[in-house]
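According to our numbering, the stretch in the sequence shown is residues 9 to 127, in order.
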Amino acid sequence: MSACLGINHEKYDNNLKIVSNDSSSTTSCLGPLGKVIHDDFGMMEGLMATVYAITATQKITDGSSGKVWYYGCGAAQKTIIPASMGTAKAVGKVTPELNWKLTGMASQIPNPSSNESRI
């Protein structure tokens, strides 16, 4: 079970011996937002867009040459890089009414901190 406070926390079973939150920060942000929009207005379909800060592990187009690790590794600080996100599926697990109604896209930008998400 993927629990998100304010959405499906009442389904939590107190008898569970192991508790783990497998929701990402993006899911924890967009899940409640999607539920409020769906409950108040109804949602036939939606597009989620998230902008992530750069990370130490992101793949960049001018990756390392293999000889010296720092050759060709400057693009992360200067480009916007498309990224994948599994949030659309995860939001559907947390809020079953939104399952298969959301599509997502993401980008990583040259910013050392902060993320932004919207539906």
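Idealized CB from N, CA, C, for every residue including glycine. What you are looking at is a predicted structure, and each value in this text was computed from that prediction instead of being measured.
Quiz item: If you pair each beta-carbon of the segment 55 to 65 with each one of the segment 107 to 116, do three or more pairs fall below 8 Å?
Solution: yes
Self-check item: Beta-carbon proximity of Ser115 to Ala91, cut-off 9 Å
Solution: Residue mapping note: residue 115 aligns to position 107 of the sequence shown, counting from 1. Residue mapping note: residue 91 aligns to position 83 of the sequence shown, counting from 1. Against a cut-off of 9 Å, the Cβ pair of Ala91 and Ser115 comes out as a contact.
Quiz prompt | C-beta contact flag for Asn123 and Thr34 at 9 Å | solution = For this step, residue 123 is matched to residue 115 along the sequence shown. For this step, residue 34 is matched to residue 26 along the sequence shown. Cβ distance < 9 Å, so Asn123 and Thr34 count as in contact.
Self-check item: Segment limits, alpha helix (DSSP H) that includes Pro40
Solution: For the purposes of this step, residue 40 is identified with residue 32 of the sequence shown, where counting begins at 1. Residues Ser33 to Phe49.
Quiz item: Just to confirm, are Gly39 and Thr103 a CB contact at a threshold of 9 Å?
Solution: For the purposes of this step, residue 39 is taken as residue 31 along the sequence shown, with counting starting at 1. For the purposes of this step, residue 103 is taken as residue 95 along the sequence shown, with counting starting at 1. Yes, the pair counts as a contact, with Cβ atoms nearer than the cut-off.
Self-check item: Glu105 vs Lys43 beta-carbon contact at 9 Å
Solution: Working through the sequence shown from its first residue, we reach residue 105 at position 97. Working through the sequence shown from its first residue, we reach residue 43 at position 35. Cβ distance < 9 Å, so Glu105 and Lys43 count as in contact.
Quiz prompt | Residue burial classification, Met95 (beta-carbon count within 10 angstroms, cutoff 16) | solution = Residue mapping note: residue 95 aligns to position 87 of the sequence shown, counting from 1. Strictly speaking, residue 95 in this sequence is Thr, with Met absent from that position. The residue in question, Thr95, is buried, as its Cβ has 16 or more Cβ neighbours within 10 Å.
Quiz prompt | Local conformation of Thr63 per DSSP, three classes | solution = Residue numbering aside, residue 63 sits at position 55 when the sequence shown is read from its first letter. Coil, per DSSP.
Quiz item: In whole angstroms, what is the alpha-carbon distance linking Lys86 and Ile62?
Solution: Taking the sequence shown and counting its residues from 1, one reaches residue 86 at position 78. Taking the sequence shown and counting its residues from 1, one reaches residue 62 at position 54. The alpha-carbon atoms of Lys86 and Ile62 are separated by roughly 10 Å.
Quiz item: In angstroms, rounded to a whole number, what distance separates the CA positions of Asp47 and Asn22?
Solution: Taking the sequence shown and counting its residues from 1, one reaches residue 47 at position 39. Taking the sequence shown and counting its residues from 1, one reaches residue 22 at position 14. The straight-line gap from Cα to Cα measures roughly 27 Å.
Quiz prompt | Residue range of the unbroken alpha helix (DSSP H) whose run includes Thr103 | solution = Counting from 1 along the sequence shown, the entry for residue 103 is found at position 95. Segment: none, Thr103 is in no alpha helix (DSSP H) and carries neither H nor E.
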